[in-house]
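In our numbering, the protein residues as written are 774 to 1582. Backbone N, C-alpha and C define an ideal beta-carbon position, used for all residues, glycine too. Report on the following structure.
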Amino acid sequence: MGTFLQDLRDAGRHLRTRPGFAAVVVLTLSMGIGLNAAVFTAVDAALLRTLPYAEPGRLVHLWSTHESHDQPRFELSWPTLRELQEDHGQFAAVGGYNCSPVIWNDGAERSRLPALRVTANFFDVLGVRPQLGRMFLPGEDVNGGPRAAVLTDAFWRSRMGADPAVLGRTLVLDEQPYTIVGVLPPSFPFAPGADARVAIAVQPRDDMERRRTLHWINGIARLRDGTTLHQTRERTFAYAAALRERFPDQMQGVSMEVVPLRDVLVGKVEPVLVLLFACVTLVLLVACANVANLLLARARTREQEMAVRAALGAGRRRLLRQLLTESLVLAVLGGLFGLLAARLSLPLLLAGIPSREQAGMPFLEHLDVDGRVLLYGGTLILLTTVLFGLLPALRASRPDLHDVLKESGSVGRADHARHGLRGVLVAVEVALAVMLLGSAGLMGKSLLRVLSTDPGYRPEGALGVSVVAPDSAVEKDEAAIALQARMLEAVEAIPGVSGASRVSRLPGTGNGNTQRFLVEGRPPPSGAQPEAAYRVVGPNYFRVLGIPVLAGRAPGSEDTQHSMPVVVVNRTFQRRFFPGEDVIGKRIRPTYSPQAPVLTIVGLVGDQTFGALDQPAPAIIYYADGQFPENPVSFVLRSNRKGVESDVRRALLDVLPEATVLPVRSLTEVLDQAPSMFLRRYPVFLLGVFAGFALVLAAVGIFGVVSYGVVERTREYGVRMAVGAERRDIIRLVLRRNLPPVLAGAAAGVLGAMVLAVVFRGLLFGVTVADPGVLAAVVGVLALVALAAALLPAMRASRVDPASALRAS
774 MGTFLQDLRD
784 AGRHLRTRPG
794 FAAVVVLTLS
804 MGIGLNAAVF
814 TAVDAALLRT
824 LPYAEPGRLV
834 HLWSTHESHD
844 QPRFELSWPT
854 LRELQEDHGQ
864 FAAVGGYNCS
874 PVIWNDGAER
884 SRLPALRVTA
894 NFFDVLGVRP
904 QLGRMFLPGE
914 DVNGGPRAAV
924 LTDAFWRSRM
934 GADPAVLGRT
944 LVLDEQPYTI
954 VGVLPPSFPF
964 APGADARVAI
974 AVQPRDDMER
984 RRTLHWINGI
994 ARLRDGTTLH
1004 QTRERTFAYA
1014 AALRERFPDQ
1024 MQGVSMEVVP
1034 LRDVLVGKVE
1044 PVLVLLFACV
1054 TLVLLVACAN
1064 VANLLLARAR
1074 TREQEMAVRA
1084 ALGAGRRRLL
1094 RQLLTESLVL
1104 AVLGGLFGLL
1114 AARLSLPLLL
1124 AGIPSREQAG
1134 MPFLEHLDVD
1144 GRVLLYGGTL
1154 ILLTTVLFGL
1164 LPALRASRPD
1174 LHDVLKESGS
1184 VGRADHARHG
1194 LRGVLVAVEV
1204 ALAVMLLGSA
1214 GLMGKSLLRV
1224 LSTDPGYRPE
1234 GALGVSVVAP
1244 DSAVEKDEAA
1254 IALQARMLEA
1264 VEAIPGVSGA
1274 SRVSRLPGTG
1284 NGNTQRFLVE
1294 GRPPPSGAQP
1304 EAAYRVVGPN
1314 YFRVLGIPVL
1324 AGRAPGSEDT
1334 QHSMPVVVVN
1344 RTFQRRFFPG
1354 EDVIGKRIRP
1364 TYSPQAPVLT
1374 IVGLVGDQTF
1384 GALDQPAPAI
1394 IYYADGQFPE
1404 NPVSFVLRSN
1414 RKGVESDVRR
1424 ALLDVLPEAT
1434 VLPVRSLTEV
1444 LDQAPSMFLR
1454 RYPVFLLGVF
1464 AGFALVLAAV
1474 GIFGVVSYGV
1484 VERTREYGVR
1494 MAVGAERRDI
1504 IRLVLRRNLP
1514 PVLAGAAAGV
1524 LGAMVLAVVF
1534 RGLLFGVTVA
1544 DPGVLAAVVG
1554 VLALVALAAA
1564 LLPAMRASRV
1574 DPASALRAS
């Protein structure tokens, strides 16, 4: 212990004599460790921590799947969920939830409140206990039963003042009174797509309770003791097959999938986090290679010191321990500053994540530099000490007394070996930097490809707004149609509005519900029934959004509840269900009910993307709003006048003061705010930062190696110039000697970037893993940086005074 303390004192004394060198090393390490630790906090919170539920490893999510569905997974039907709850041979317990907002009337105003609609046993399945009051009771999730609500801790504190007497109070949600029966614990992080403020016991309507073709409830289940996920999946597949046999008309092509609950909570964030963590690990390796190069250069200036110590009896082990202690001190300082930087950077990283995205990432609540991150940081310190310190220490602890004590100072074998080793480290730095640049370039080009994708309509200059009317105002279809017509007239009358239309769901907000159907004149399919998404639209919808009508007509004012039911379909619908046929005049019959009307196709329009731009356009059926009204309803309008948003809101409330009018947004904003767009933009920004830092370190490494070589060979260059070599000859010679490691590193880096892209192929869009444009740009940027870094010392070598060099020789 005493020897180690002595080594620490010697290391501190030595580093104090070279503060500039120590500062550069500590700064380099702190950046590498800090970036790594910051990303690790997110990886730890999302992927490594145990979910705060009872026995979380036994919790699974239940999905429906359909062989012809545009969405790979979707919700269960209520009858299926109820059967699973009653069949105790499948799971230990099964609950259900639906993420959909409610309208809260607090007596002063109406506002939209994110909510969880859950079965009575939902929280029991998760093993969550209230911090106040109780959870739901059996019978509260039955139509006509008592209406109960459980508040989240955040809502209880922010809107109820954390009042413990809140139990028993009434919340008016969707114009219905709900009794507050409990408050959830602060750690409840269940938010797969909704920042829920309140949970209510779901009470499905008659049609939602009865129809197996209406998929709207998500399933949560707990595995039985002694069963594996694989066994449960096999039993669930068998159960789905039995459902298809029992209900062939309603369940054709429908199966079920069982996935761990964590996969749903983390969702699409996992591959992004893994990619970011892989990239910051590469950054840390670049930093370690850079510091190792600095230590090798520093070792050259300490050769006499090491030789003298060896001559005085210091063994190699003693010298090695001293040098590693110095590296440890540097790593500890770099690690401490890096962890501090990681802690300070977390608010900045969170600030770059919109609140709507944070709502779907409950793990962000645990983002902090806590004991787990500190332990990880300590591990990084030890690893980096070995990575950057061991090789230079091994070299420096074995001084060549003959070379060191030669007064001629000519370049010896050790110098050649050291220079070759530094070249290898530069090649490693360059390879890692190219891998980072390639990853950033491929992700960046994917983002550009997404942004340049044609959504099938013109979002520029178009606005959208959604309106929720009380059920009493739209109880009958005739009343709903008349009310929505008055609202549309009010919007169209606003100065600066050049066109407006009704639509059941705004573009850019997802595909929404789907509709199964049969084609009149064709025998029922032996497999899955055809299925398509649907929208209810007004006569001007396609004109307002600039969607081309390719054949037939759009829905018109003549399409009423007293006329023949008609629909319009898109190009994807035609290609999928009527390939090579004229779709106009074809008739389809929805299968959700035996009383469903036969629909005549009267128009064909271009494809329109309803989700994010990186999602393909679905097959879609457009209903006429004069025949099939829906509540809530949305309006799209075209206007470039500033301030029109407030006029739209005011006009709608003038028609129905009891309505809840959601914020008016531009359709461009709606597209930009799609969750998948954030998962593309944010990683591109971070990867750009990582790649830029690695590129700077690689440039510093190249500059250092070339400068070191110039200093070593100053006399050689002087002699060459004395015998007639010109400046450009010296520059070419320096570059020829020092650029091969750069070229080798670049070639290895290109291959590494392609391998990395193959691993994360699912994050790319519209680009290949070997995109020639991206790889050429990466190599070009690196070539310019490397040439600039090497040219400065090469030019210095070309200005050597031959006379001075010969005198020194």
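Cβ-Cβ separation between Leu1377 and Val1356: approximately 6 Å, consistent with a contact (criterion under 8 Å).
Within the DSSP bridge table, the entry for Thr1282 names no partner. If you draw a straight line from the Cα of Val1342 to the Cα of Pro1545, it is about 39 Å long.
Ranked by Cα distance from Leu1038, the first of Val798, Thr1054, Phe961, Ala1467 is Phe961.
Sequence-distant partners of Leu1055 (beyond 5 residues in either direction) whose C-beta falls short of 8 Å from its own C-beta, in its chain, are Leu1205, Met1208, Leu1209, Phe1463, Ala1467. A distance below 7 Å between beta-carbons, with the five flanking residues on each side excluded, links Thr1333 to the following residues of its chain, in chain order: Gly1399, Gln1400.
Burial is judged here by how many other beta carbons sit within 10 angstroms of a residue's own beta carbon; Lys1359 has at least 16 and is buried.
Taking the Cα positions, Ala1550 is about 38 Å away from Pro1321. Around the beta carbon of Ile1361, 16 or more other beta carbons lie within 10 angstroms, which makes this residue buried. Comparing alpha carbon positions, the residue from Gln1302, Val797, Arg831 closest to Arg1035 is Arg831. Thr1382 sits away from Pro1243, with the two beta carbons spaced by 8 Å or more. Distances from the CA of Pro1402 to each of Glu1293, Glu1248, Val1531 were compared; the closest alpha carbon is that of Glu1248. Between Arg1453 and Leu1119, the C-beta gap is not smaller than 8 Å, which leaves the two residues out of contact. In the DSSP annotation of this structure, the continuous segment of the beta strand (DSSP E) that includes Pro1033 starts and ends at 1027-1033. In this structure, Pro1338 sits near Thr1373, with a CB-CB distance shorter than 8 Å.
Distance check between Ser1239 and each of Ser1225, Ala1246, Met1260 places Met1260 closest, using alpha-carbon atoms only.
Excluding five sequence positions before and after Ala1200, the CB atoms of its chain that fall closer than 8 Å to its own CB belong to Pro1514, Val1515, Ala1517, Gly1518, Ala1521, given in chain order. In this model, Arg883 and Thr1433 are separated by some 6 Å (Cα to Cα). At a cut-off of 4 residues, the continuous stretches assigned as alpha helix (DSSP H) that sit fully inside the stretch 1321-1400 are 1344-1350. Below 8 Å, too few C-beta pairs join the stretch 1046-1054 and the stretch 1142-1153 to call them touching: fewer than three. By the 16-neighbour rule on beta-carbons within 10 angstroms, Leu835 is buried. Per DSSP, the continuous beta strand (DSSP E) segment holding Val1310 begins and ends at 1304-1310. One Cα belongs to Gly1125, the other to Tyr1455, and the distance between them is close to 8 Å. With a threshold of 16 other beta carbon atoms within 10 Å, Leu821 falls short and is exposed. Taking a contact as a CB-CB distance under 8 Å, the pair Asp1387 and Ser1449 counts as one, their CB atoms being some 6 Å apart.
Cβ atoms of Ile990 and Leu849 come within 8 Å of each other, at about 5 Å. Secondary structure of Asn1063 (DSSP, three-state): helix. Burial is judged here by how many other beta carbons sit within 10 angstroms of a residue's own beta carbon; Ser837 has at least 16 and is buried.
Closest option to Val1469, judged by alpha-carbon separation, among Glu856, Leu1557, Thr1345: Leu1557.
Taking the Cα positions, Arg995 is about 20 Å away from Asp914.
Under the DSSP assignment, Ser837 falls in the beta strand (DSSP E) whose first and last residues are 832-839. Tyr870 places its beta carbon 8 Å or farther from that of Ile973.
Look at Thr986 here: in three-state DSSP terms it is coil, with no helix or strand label. CA-CA distance, Thr1009 to Val898, rounds to 18 Å. Per DSSP, reduced to three states, the secondary structure at Tyr1490 is helical. In summary, Val1102 is buried, with 16 or more beta-carbon neighbours lying within 10 Å of its beta-carbon over all protein chains present.
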